[in-house]
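Okay, structure first, notes after.
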C-alpha cells in the first residue's frame with residue numbers, strides 16, 4: 001500500500017454539541033505521535049506496533065468527596081443529637097454518615113461521568129434527591145430497629161449534611177462545567193451508511209450527552225444522507241486488511257478518542273472483532289451502537305451464551321417492593337405537603353375567589369392508570385366559561401397532537417397566570433395523590449377526549465398512575481412538542497424507580513423556580 005502522508009491537521013476542528021474539543025496535553029501529543037508513526041508506516045509494518053499507553057487520572061477526588069460527605073453529615077449530626085439530649089448520638093451519627101456516603105456512592109455521585117438518562121440529576125439537585133432518599137431510609141431503620149431518637153430531631157440533625165454535599169458537588173462540578181468543551185468525547189462513526197445516518201442524526205439533534213461527532217467512515221459506496229459530516233475514508237463492503245489502518249487514520253486526522261460502530265450485515269461478527277483488536281491494541285476506545293432505544297442502562301445486563309453476547313432486558317417495574325414503597329411515599333408525601341402548605345393553599349384560595357368570578361377550584365375529569373377516569377383538582381386559573389371558549393380557540397392551538405396549549409391564552413386570569421408560572425395551581429392535586437388517583441411523579445394526566453385519540457404507543461402512558469410532576473415538567477413543560485412529551489412519558493413508564501422519582505422531585509424545584517414553559 002506504500003506510504004501515506006497525513007498533513008499536520010489542526011485538532012481544534014468541529015465544535016461538539018457540548019462545546020469545543022478538549023485541549024491537547026502531553027499525553028495526547030504522545031498518543032498522536034504514536035498514531036502518526038503507525039499511519040505513516042507501510043502496511044506490512046503496522047501490525048507490530050504495540051499499545052499506546054493511556055495515562056490514568058488518580059482517584060483522589062472521589063475519595064475526598066466521599067470522605068467529606070461522610071464527615072459533613074456525621075459531624076454536625078453528632079453535635080445536634082448530643083445538644084438535643086438524644087440517646088447514643090455517636091452511633092446514630094455514624095450510621096447516618098455511612099449510609100449517606102454509601103447512598104451517594106451507589107448513585108454514582110463520586111464518578112467523573114455520572115449515570116445518564118432523562119431522570120438523572122447531578123450537582124446540588126442530585127444532592128437534594130439523595131437526601132430525600134436518605135430520610136426515607138432512616139425512617140425505615142428507625143421503625144425497624146425501634147430507635148429512641150426523635151424523628152424530627154433526626155431530620156434537623158442530618159440537614160447540614162445536605163448543605164455540605166451540595167457545596168462539594170458544586171465545587172467538583174464547577175471546573176468540569178468550565179471545561180465542558182474539553183470534556184466532550186470526540187466520536188468517529190463507523191458503519192453502513194443507513195446506520196451511520198441514523199446515529200449521526202440522533203447525536204446532532206440531542207444535547208443530553210457528551211459525544212461530539214467529528215467524522216464518519218461508511219462501509220461500502222453508499223452515500224451518507226446527513227450533510228456536514230466529514231468522511232475521511234471508506235471501508236470495503238467485504239472484510240479487508242485495511243479496516244484498522246483506515247479507521248486509525250480517521251482517528252488521527254480528526255483527533256477522535258472514541259470509535260462508535262453502527263453494526264450491520266457488512267460490519268459484524270469476526271470483522272467487528274478484528275477491528276476491536278486493532279483499536280484496543282493501539283489504545284483507542286470502541287463502543288458498539290445498540291438498536292435498543294428508551295431503555296435505561298440499569299435495566300440492561302450483558303450475558304454470554306454459545307459464544308454470543310446477549311443483552312438481557314429487565315421488565316419495567318409494575319409491582320414488588322419498589323411499587324409498594326412508591327405508594328407509601330406518595331401517600332405520606334401528599335399528607336405532609338397538604339399539612340405543611342395549608343397556609344399557602346388558604347391564601348391562594350382567597351386570591352382566586354376575590355380576583356375573578358367563579359369557583360376557587362377547577363375540577364376536571366382526567367384519565368388515570370389503565371384509562372380509569374377520576375376527578376382532578378386544581379386552583380381555577382381561567383375565566384368561569386373557559387370550556388365554552390375552548391372550541392373557538394381550537395384553530396389557534398400551538399401544540400400538535402391531541403393536546404391544546406396556547407402561550408397567550410386569553411382565558412387565563414391575571415392571578416391564574418402567576419399561579420401557572422409557579423405551578424401553584426397544581427398543588428390541590430396532592431389530594432388526588434392522597435386518594436390514590438395520582439402519584440407524586442408520573443406522566444401527565446390526559447383529558448378523556450385526548451386519551452380517546454391515543455394510538456397504541458401513546459396509550460402506554462396510561463400503564464402507570466399519572467403524576468403531579470414528571471419528566472415533562474422538568475424538561476420544558478408546555479414548550480415541548482406533543483411527540484417530545486410522549487417520548488418522555490414513555491421513558492418514565494418503562495424505566496421509573498423510587499430513586500429516580502426522588503431525583504425528579506428535586507429537579508422539579510429548579511424547574512418551577514425557572515418558570516420556563518409554564519403558561
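Numbering (full-length UniProt numbering), first residue to last: 1 to 519.
Built from N, CA and C at the ideal position, the CB exists for glycine as well.
It should be emphasised that the depicted structure is a prediction, and the values quoted were computed from it without experimental measurement.
- Using a Cβ-Cβ distance cut-off of 8 Å, the region 465 to 480 and the region 361 to 378 are in contact, since at least three pairs of beta carbons, one from each stretch, lie closer than that value.
- Contact between residue 443 and residue 493 holds, with the beta-carbon distance rounding to 7 Å and staying under 8 Å.
- Excluding residues up to 5 positions away in sequence, 210, 211, 212, 257 and 258 lie with their Cβ nearer than 7 Å to the Cβ of residue 185 in the same chain.
- Within the DSSP bridge table, the entry for residue 512 names no partner.
- Residue environment analysis places residue 367 among the buried positions, since at least 16 neighbouring C-beta atoms fall within 10 angstroms of its C-beta.
- Contact annotation: the region 317 to 324 touches the region 494 to 510, with at least three C-beta pairs closer than 8 Å.
- With a contact defined as Cβ atoms closer than 8 Å, residue 425 and residue 381 qualify at about 5 Å.
- By the criterion of a C-beta distance shorter than 6 Å, residue 148 is surrounded in its chain by 87, once the five residues flanking it on both sides are discounted.
- Collapsing the DSSP output to three states places residue 214 in a strand.
- If you ignore the 5 residues before and after residue 272, its C-beta comes within less than 8 Å of the C-beta of 261, 263 and 288, all in its own chain and listed in chain order.
- Taking C-beta atoms as the reference points, residue 473 and residue 511 count as a pair closer than 7 Å.
- By the 16-neighbour rule on beta-carbons within 10 angstroms, residue 357 is exposed.
- Contact between residue 267 and residue 219 is confirmed by a C-beta separation of about 5 Å, below the 8 Å threshold.
- A Cβ-Cβ contact shorter than 7 Å links residue 81 with residue 157.
- Distance from the CA atom of residue 369 to the CA atom of residue 142, rounded to whole angstroms, is 33 Å.
- In this structure, the CA atom of residue 97 is about 11 Å from the CA atom of residue 160.
- Closest option to residue 291, judged by alpha-carbon separation, among 139, 193, 99 and 199: 199.
- Here residue 251 is near residue 188, since their CB atoms are less than 7 Å apart.
- Taking C-alpha positions only, residue 422 is separated from residue 508 by approximately 11 Å.
- Of the other Cβ atoms in all chains shown, 16 or more fall within 10 Å of the Cβ of residue 500; this residue is therefore buried.
- Taken through DSSP and simplified to helix, strand or coil, residue 277 comes out as helix.
- Among the bridge pairs identified by DSSP, residue 313 is matched with 300.
- The beta-carbon separation of residue 67 and residue 164, rounded to 11 Å, does not stay under the 8 Å limit for a contact.
- DSSP places residue 439 in the strand class (E or B) of the three-state scheme.
- Beta-carbon to beta-carbon, residue 503 and residue 136 are separated by about 13 Å, too far to satisfy the 8 Å threshold.
- Residue 193 places its beta carbon less than 7 Å from that of residue 224.
- Straight-line spacing of the CA atoms in residue 154 and residue 69 works out to 17 Å.
- Note: residue 209 is not bridge-paired with any residue in the DSSP secondary-structure output.
- Of the candidates 438, 476, 482 and 480, the residue whose Cα lies closest to the Cα of residue 462 is 438.
- In the structure shown, residue 191 adopts extended strand secondary structure according to DSSP, grouped into three states.
- Scanning 296, 270, 330 and 282 for the CA closest to the CA of residue 307 turns up 270.
- Note that the C-beta distance between residue 300 and residue 311 is below 7 Å.
- Apart from sequence neighbours up to five positions away, the residues of its chain that approach residue 203 with a beta-carbon distance below 6 Å are 211 and 213, ordered along the chain.
- Between residue 430 and residue 338, the beta carbon gap of about 5 Å places them in contact (Cβ cut-off 8 Å).
- Residue environment: residue 85 is assigned as exposed (fewer than 16 neighbouring CB atoms within 10 Å of its CB, all protein chains considered).
- Exposure of residue 459 is indicated by the presence of fewer than 16 other C-beta atoms within 10 angstroms of its C-beta.
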